[in-house]
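The block underneath contains the structure these notes are about, expressed in structure tokens.
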Amino acid sequence: MHDRATARQSSTSRRMTTGKKTIAVVNGTGRQAASLIRVASAVGYAVRAQIYSRTGIVAEELSQLPDVTLLEGPLLGNTTLIDNLFTGAKLAFINTCSQAGDEVSIGKALADGAKRAGTIQHYVYSSMPDHSIHHPQWPALPLWACKFTVENYIRQLGLPSTFVYAGIYNNNFTSLPYPLFCMALQEDESFEWRAPFHPDMGLPWLDAEHDVGPAVLQIFKDGPARWNGHRIALTFEVLSPKEVCRLFARALNRPCRYAHDPKIDIHVSIPAGYREQLERIEVLFGQMKAPYYPGPEFPRPVEGAKDPESQRLVQEARHLWAGWRGMEEYAREVFPVEEEANGLDWMNDMAYVT
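Residues 1 to 354, numbered by the UniProt record's numbering, are exactly what the sequence shown covers, in order.
In structure tokens, the structure reads:
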């Protein structure tokens, strides 16, 4: 049933050399995984990555990288692909996605496969919290709680493992009418971000494409002797919504305003599971004002970057990767490029000054 899915490999596999540690990766074209693949390939690791399709710019790019093997096919129910993924691999970076099907089943099957392979020395899993276990009135976010369930399963298996908790992607921002992180272009050529977060709430941020790869690679270098069982917030800045807009305004040389709104505007078709996620975000972070990262491992920043607790939160991530890209640099150098790639042209207006 899965012969096609498990047999196809990147032509670069012929160039793979012996003696290199192999990193097993899933969802290879996702922002987190692709970031690691690029960096790992550049510094001499071999990578074996599962992808869902060879179609697309990122898949084409990855297929050309040295010592990268791509395995195309679904993960749900695909034991053969999973076994091929982990065979001989020493390291693993696993970030599953809800669009691929039952994320708990996939996550558990991957952990079982890594355990079955018997060669994995360090299993890094991209997890997220389940707020409902920390407070009786806090709802679980469905796209996060499933990851926490898998995390607990990995711990029960006894794999040498580390759990990274990604902050909000800088890359989420777009002027397209997508919910929650729409940086909407106004008639006066300014921008407005409308969301349910309190204007002064400290939120964790991460440039996923730029910073996940180097940080995870350092976790691998430190090894389980340093990080086994740890939860690490991959958060390089803590910024309030007002601070985010201030940095966007400075980077783009045009006004950018934050509009606090308890309801998330939805103007496009979205999956049912994501709609439930957004509805609970309104309650959890809007009405309940819960911390983004609950639990004793993580300090609770209150008012953005100058808060001492914010500095404590980002310290560990910056220790892993000192070359992180901040929000202002992202807004100035990357946001216009991504917008243009999405078919937008506001950056060509005379009002935009580089």
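Just so it is clear, CB atoms sit at the ideal spot from N, CA and C, and this is done for glycine as well. The model shown is predicted, which means the values in this text are computed figures rather than measured ones.
Per DSSP, Ser310 lies in no beta strand (DSSP E); the unbroken alpha helix (DSSP H) holding it starts and ends at Pro308 to Leu320. Within the segment 179-231, complete beta strand (DSSP E) segments of at least 3 residues are found at 183-185, 191-195 and 203-206, given in chain order.
The DSSP-derived three-state label of Glu72 is strand. In this structure, the alpha-carbon of His198 lies about 8 Å from that of Pro241. In the DSSP secondary-structure assignment, Cys97 is not bridged to any residue. In the displayed model, Phe298 falls within coil according to three-state DSSP, outside both helix and strand. Following the DSSP letters along the chain, one finds Val47 in no alpha helix (DSSP H) but inside the beta strand (DSSP E) bounded by residues Ala46 to Ile51. Secondary structure note for Phe163: its beta strand (DSSP E) is the uninterrupted segment Ser161 to Ala166.
In this structure, DSSP gives Arg280 a helical state, which the three-state scheme calls helix. Per the Cβ contact rule, the segment 297-314 is not in contact with the segment 248-262 (fewer than 3 Cβ pairs under 8 Å). Thr29 carries a coil assignment under DSSP once its states are collapsed to helix, strand and coil.
In the structure shown, Ile106 falls within a helical segment according to DSSP collapsed to helix, strand and coil. The DSSP-derived three-state label of Val58 is helix.
Across the set Arg231, Glu338 and Pro160, the C-alpha of Pro160 shows the shortest separation from the C-alpha of Ala225.
Here DSSP, grouped into helix, strand and coil, assigns Ser41 to helix.
If you check the CB distance, Gln32 and Asn95 come in under 8 Å.
The criterion of a C-beta distance shorter than 8 Å is not satisfied by Gly113 and Asp67.
Residue pairing by DSSP places Ala24 opposite Arg48 and Ala92 in a beta bridge.
According to the DSSP secondary-structure assignment, Cys256 is paired through a beta bridge with Phe191. Annotation: Pro196 to Leu239 spans about 15 Å, alpha carbon to alpha carbon.
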